[in-house]
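As structure tokens, the structure follows; a few thoughts come after it.
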Amino acid sequence: MSVLQENDSLPLLEVRHLSKFFGKQLGCHDISFAVSPAEVIGVVGESGSGKSTLLDCIAGRLKSSNGAVLFNSSVGMLDLCRCDEALVRKIIRTQTGYVTQNASQGLKMHISAGGNIGEKLMANGMRNYRQIRKEALAWLAKVEIDPGRIDDLPSTFSGGMQQRLQIAANLVNAPKIMLMDEPTSGLDVSVQARLIDVLRKLVSGLNLSMILVTHDLAVARLLCHRLYVMKQGKIVESGLSDQILDDPRQPYTQLLVSSVLKP
Amino acid sequence: MPPLSYNFAYLDEQSKKMIRRAILKALAIPGFQVPFGGREMPLPYGWGTGGIQLTASVIGPDDRLKVIDQGSDDTVNAISIKQFFTKTAGIDTTEETVKATIIQTRHRIPETPLQKGQIMVFQVPIPEPLQFIEPRQTQTAKMHAFEEYGSMHVKLYEDIAKFDRIATAFDYPVQVHGRYIMSPSPIPKYDNPKLHQSPAIHLFGAGREKRIYAVPPFTDVISLDFEDYPFELEQWDGACAVCGSQNSFLDEILTDDKGTRVFICSDTEYCKNNAGKNTP
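Protein sequence lines correspond, in order, to chains A and B.
0 is the number of the first residue of the first sequence in numbering that gives the first Met the number 0; add one for each residue after it.
0 is the number of the first residue of the second sequence in numbering that gives the first Met the number 0; add one for each residue after it.
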């Protein structure tokens, strides 16, 4: 399907013929793609096109109706839709991250910023308070939040800070892949820019794969290596980001690209 | 009209049988919360409906019942529950821990060490220790099933971040038999070590939440902590003003409006015995 993956014998994550129906309603249908290590994939499309449904199926938050999600985990290639739930939960907890559009869904709002970052560390067995504290401070600095606010509740943070905190809380246990559901929506443009800046730095430094669901083509262009365009639950076009955005082939993609306001 | 009569210990035999089954299951899987068909009891939720159902199911004509509330034998709640069983089961009650075969409690485990053959019955308000981290019961059930307990430490982390020590003083989470995380009901953490390898049977009943769990005799019960912030017991500066005990859980009592305060034992029976020993 794509040029990039032909030489990669083992992708990090492979989605095969994934479908999700809500009764008669189609969520997404016959989706197949692969993500290589350190690759950033963007899924774009208008709202209601099935992007988030696809991401939720990959993250195990929704049970897919059909198809497979193969993940190249530390214990070999696993079908996350089929294998033992205890194992899937463990792999999702330790090797993936999930950033939601609304930070209040991804963060525990009644627990301090440090506690939110430390939660995954403790979930993975760290039992040394000072070490957890040190990691939390380091990650706050990495996502450009004042370390002095480590004991403040996320509800006292601005929207952009909450989103950066959410990213830190997900990256702290060094996942192999991050799943992001419109992380920049609802943020001011300048705040978006800062978030993207932080993300770019982190992604390049950590050798991290990412699936980014967004309807913001500017974000997609800045972050993603490859893009998939979805419409009515199906992938209508795919390719390198610049190729898709500069030379869209499908009429739908052309419409999507031309609908972006140019300053 | 004939006088009202109840079955032995109020509950009908079928209900007792159902609760005993739940107790056996709870004993077989230490710390696991077994759902049961909680019955309406003639007292309000929050006053010990879970505990009273457990007691009603395990009590026999030869049993001697002790009931304590906040460590005290003579509070309204304790006396009412004792009267309830005297009336409906005709059993003897006692204030002496060593003589009791069943001890129903709200907040304390008696200071006098428990013995083989005794049954502790706890009245539990919130049986789910993970509720603070995860309010959804569908999720907490899975977290128990898959032993996903790491985030339990988040509560302790928050304590240390705020107070520089683990400030959780009651309902302090424990791990039972190296497996299930259990809420030891509202006993002070001072009493947690008494559960560890105890020769008695410990039964926990939550009436509103309709859950029963148990710690069988001689079972490991370990309080959660951090490597660098280990589990610690409360300590008091003084001794009990009545009996002079220095190794008992003390209540702080204001004695005037100028802030004068004294400490006295929370376990009244222990205090009485101890005072008798010190002043012959």
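Note that CB positions come from ideal geometry on N, CA and C, so glycine has one too.
Item, Value
"Coarse secondary structure for Thr-93 of chain A, derived from DSSP in three states", "helix"
"Three-way DSSP call (helix, strand, coil) for Val-259 of chain A in this model", "coil"
"DSSP-derived helix/strand/coil call for Gly-238 of chain A", "strand"
"Reduced DSSP category for Ile-263 of chain B - H, G, I as helix; E, B as strand; rest coil", "strand"
"Min CB distance Glu-118 of chain A to chain B below 8 Å", "yes"
"Three-state secondary structure assigned by DSSP to Tyr-228 of chain B", "coil"
"C-beta neighbour in chain B for Asp-151 of chain A, strict 8 Å", "no"
"Cβ contact check for the stretch 76-95 of chain B and the stretch 161-173 of chain B: 3 or more pairs under 8 Å", "no"
"For Ser-135 of chain A, three-class secondary structure by DSSP", "Checking the sequence, you will find Ala at residue 135 of chain A rather than Ser. Three-state DSSP puts Ala-135 of chain A in a helix."
"Chain-ordered residues of the stretch 110-135 of chain A with a beta carbon less than 7 Å from chain B", "Ile-110, Ser-111, Gly-113, Gly-114, Gly-117, Glu-118, Met-121, Ala-122, Asn-123, Gly-124, Arg-126, Asn-127, Tyr-128, Arg-129 and Ile-131"
"Where Gln-103 of chain B sits in the DSSP three-state scheme", "strand"
"Extent of the continuous beta strand (DSSP E) to which Gln-162 of chain A belongs", "Premise fails: Gln-162 of chain A lies in the alpha helix (DSSP H), 158-170, not in any beta strand (DSSP E)."
"Reference Arg-60 of chain A, options A:Ala-140, A:Lys-19, A:Val-42 and A:Glu-45, closest by Cα", "A:Lys-19"
"6 Å Cβ shell around Asp-180 of chain A - same chain, five flanking residues per side excluded", "Ser-51, Leu-54, Thr-99, Gln-100 and Val-212"
"For Asp-68 of chain B, the three-state DSSP class (helix, strand or coil)", "strand"
"The stretch 206-214 of chain B in contact with the stretch 30-44 of chain B per 3-pair CB rule at 8 Å", "yes"
"6 Å Cβ shell around Ala-25 of chain B - same chain, five flanking residues per side excluded", "Val-33, Ile-211, Tyr-212 and Ala-213"
"From A:Ala-135, A:Leu-216, A:Ser-208 and A:Ser-73, residue whose alpha carbon lies closest to that of Thr-183 of chain A", "A:Leu-216"
"Beta-carbon proximity list for Glu-13 of chain A, same chain, < 6 Å, skipping 5 on both sides", "Ala-33 and Leu-69"
"Neighbour flag for Arg-88 of chain A against chain B, beta carbons, 8 Å", "yes"
"Inter-stretch contact at 8 Å, needing at least 3 Cβ pairs: the stretch 187-201 of chain B / the stretch 34-48 of chain B", "no"
"Chain B contacts from the stretch 80-105 of chain A (Cβ-Cβ distance under 7 Å)", "Ala-85 and Arg-88"
"Unbroken beta strand (DSSP E) run spanning Phe-84 of chain B, endpoints", "That residue, Phe-84 of chain B, is in no beta strand (DSSP E); its alpha helix (DSSP H) goes 75-88."
"Rounded distance between the beta-carbons of Ser-265 of chain B and Arg-107 of chain B, thought under 8 Å", "6 Å"
"Outcome for Asp-7 of chain A when other beta-carbon atoms lying within 10 angstroms are tallied against a minimum of 16", "Reliability of the predicted coordinates at Asp-7 of chain A is poor, the pLDDT of 49 falling under 50, and no value is obtained from them."
"Collapsed DSSP secondary structure at Thr-92 of chain B in the structure displayed", "strand"
"Proximal residues of chain A, C-beta to C-beta of Asp-158 of chain B below 8 Å", "Here the premise fails: no neighbours, minimum Cβ distance about 10 Å."
"Residue range of the unbroken alpha helix (DSSP H) whose run includes Phe-162 of chain B", "152-162"
"Where the beta strand (DSSP E) containing Arg-20 of chain B begins and where it ends", "It is not in any beta strand (DSSP E) - Arg-20 of chain B instead sits in the alpha helix (DSSP H) that spans 12-27."
"Which residues DSSP lists as bridging Asn-65 of chain A, in chain order", "A:Ser-18"
"Residue(s) in a DSSP beta bridge with Gly-41 of chain A", "A:Leu-211 and A:Leu-226"
"Sub-8 Å separation of Glu-157 of chain B and Gly-114 of chain A beta-carbons", "yes"
"Cutoff 8 Å: Asp-61 of chain B Cβ touching any chain A Cβ", "no"
"Distance between Gln-242 of chain A and Gly-225 of chain A (C-alpha atoms, nearest Å)", "A quick correction: the sequence has Arg, not Gly, at residue 225 of chain A. Cα-Cα distance, rounded: 9 Å."
"Residue-chain proximity (Val-173 of chain B, chain A), Cβ-Cβ < 8 Å", "no"
"Where His-28 of chain A sits in the DSSP three-state scheme", "strand"
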